[in-house]
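Per the working numbering, residue -10 is the first one in the sequence shown, and the count goes up by one each step.
A virtual CB, placed ideally from N, CA and C, is assigned to each residue, including glycine.
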Amino acid sequence: MNQPIKRNLQGPAFPTWRQPDGKVVSCTEKIKVLNENLSEIRQLAQDALEDAILMGCDEEQVRKVLNDLVVSLENPYRKRK
């Protein structure tokens, strides 16, 4: 169900956004916000990667740090069991 985001020359191709039950999110405004958020995150991550490389950091380490950052995000709306 999770689709990788593939980059093309214009930027990332956006995924089909889905609800937890697998149904497609159909609200145009919601999709617009989700896609804008993803574009902004991608640009910030790209800038961070480029800055780190220009400052002499190891590219693989920076990518791992960015990945770990995403993995560490918490869902504040998750229902407690």
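Identify the residues that DSSP records as bridge partners of residue i: which are they?
| i | result |
| --- | --- |
| V51 | Looking at the DSSP assignment, V51 forms no beta bridge with any residue, so it has no partner. |
I'd like the list of long-range same chain contacts for residue i, defined as Cβ closer than 8 Å, with 5 residues on each side in sequence excluded.
| i | result |
| --- | --- |
| E25 | none |
| P9 | none |
Output needed for residue i: all residues of its chain with C-beta closer than 7 Å, excluding positions within five of it in sequence on either side, in chain order.
| i | result |
| --- | --- |
| I20 | W6 and V14 |
Take residue i and list the residues in its own chain whose beta-carbon comes closer than 6 Å to its own, dropping the five residues that flank it on each side.
| i | result |
| --- | --- |
| L38 | V51 |
Measuring CA to CA, which of the options is closest to residue i?
| i | options | result |
| --- | --- | --- |
| L23 | A41, Y66 and A2 | A2 |
Just checking, does the region 31 to 48 make contact with the region 11 to 23 on the three C-beta pairs under 8 Å criterion? Because the criterion of three Cβ pairs below 8 Å is not met, the region 31 to 48 and the region 11 to 23 do not touch.
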